[in-house]
Amino acid sequence: MDFGQLEAFVQVAARHSFSRAAEALQLTQPSITARIQALERVLGEELFERSGRGVRLTDAGSIFLPYAERMLQMLREAKEGVEEVRGVQAGRLRLGSALTISTYVLPRILRTFHSHYPGVEVIVHTGRSEQVLNMLLSDEVQVGLVRSLMHPDVETVDLYDDEVILVANPDHPFAASRQATIEEVGRQPVILADRGSSYYGLIHDLFRQAGVVPNVAMEMDSMEATKRMVEEGIGIALLPRVCLERELKQGLLAEVAISNAPAISRQIAFVYRKSRKQGRTVQAFLEVLRSIYGLELPAASTSG
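Taking the numbering used here, I'd label the letters of the sequence shown as residues 65 to 368.
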């Protein structure tokens, strides 16, 4: 029984799928299957049974799961404890990040972090904020950068205000006056974030509260693609300011104020488990966030 077998078992149990577990661990599905089969031989019991909706734990698997999770956590803490002996210069940081943050914000944070701690290996896992929260709760990551979320087992520290603004092609009529009413916006072809995105909810609420039904030209799950569509004049879009710095600076897109609607924003937060002792690498990352955002962050419990 080894770390890889336990990790494969816990991932399949969490995702109810060998293929999704393989994707999460960046392995092939046959490799995941081989690890599970090896673990079943050690235990002398089958751990999963297949059904029409995927795989589910057998009775033996259900009994073994909490022990496997604890063993994984102990192995991770042991490994990180040994790494602490070498100090921050040679540690490892497992970080979860919402996709928008990892694309437009995290590079600057990690540039600063690596300038101070070049020997630290950073492993980044991306997903929607809820997915990152689940990664944190399952100990796949030590810390996360997400939209502000509440959970009894998680400490949440707000970092910055994520403002959403309206942008249009510079040749669009809105660009001349740099402002429009929400009613005027609703009559234009609007490109929305996909319905699974939290930005979709923010934008939908803006129109709903104004009693306006927007003329939705398309929904897209890529901010980069959305920006290109707006640049081509296909529609206008409400996007987070943090993803628009280059386009606004170079005049590729024009910011348009909505004169009769409230500003849209949400908080982006740093999250970590309340119950987990945080090593020196996490403390070092906290210090970098403190220096960048000028925050008074609470001290996480340390492992030494």
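From the three backbone atoms N, C-alpha and C, an ideal C-beta is built for every residue, glycine too.
Because the structure is a prediction, the values reported are computed rather than measured.
query, result
"At which residues does the beta strand (DSSP E) containing glutamate 319 begin and terminate?", "318–322"
"Classify threonine 176: buried if its beta carbon has 16 or more other beta carbons within 10 angstroms, exposed otherwise.", "exposed"
"When we look at the beta-carbon of proline 182 and count the other beta-carbons within 10 Å, is it buried (16 or more) or exposed?", "exposed"
"So is isoleucine 187 buried or exposed if we call it buried at 16+ other beta carbons inside 10 Å?", "exposed"
"Could you give the distance in angstroms between the alpha-carbon of arginine 211 and the alpha-carbon of glycine 315?", "28 Å"
"Who are the Cβ neighbours of alanine 132 in its own chain at under 6 Å, not counting the five residues just before and after it?", "Leu70, Phe73 and Val74"
"From the DSSP output, read off the bridge partner residues of proline 304.", "Val228"
"Which complete beta strand (DSSP E) runs does the region 111–147 hold, if anything under 3 residues is left out?", "112–115 and 118–121"
"What whole-angstrom Cβ distance do phenylalanine 67 and leucine 139 have, given they're in contact under 8 Å?", "6 Å"
"Give me whichever residues DSSP pairs with phenylalanine 334 in a beta bridge.", "Leu209 and Val221"
"Looking at the structure shown, is histidine 165 part of a helix, part of a strand, or coil, going by DSSP?", "Looking at the sequence provided, one finds isoleucine at residue 165 rather than histidine. Three-state result, isoleucine 165: helix."
"Should alanine 289 go down as buried or exposed, given a rule of 16 or more other Cβ atoms within 10 Å for buried?", "exposed"
"Which of the three DSSP states, helix, strand or coil, is assigned to arginine 354?", "helix"
"Using the Cα positions of leucine 353 and isoleucine 173, report the straight-line distance between them to the nearest angstrom.", "7 Å"
"Can you give the Cα-Cα distance for methionine 65 and isoleucine 127, rounded to whole angstroms?", "16 Å"
"Quick one: residues in its chain with C-beta nearer than 8 Å to the C-beta of leucine 163, no 5 flanking neighbours on either side, listed in chain order?", "Thr190, Gly191 and Arg192"
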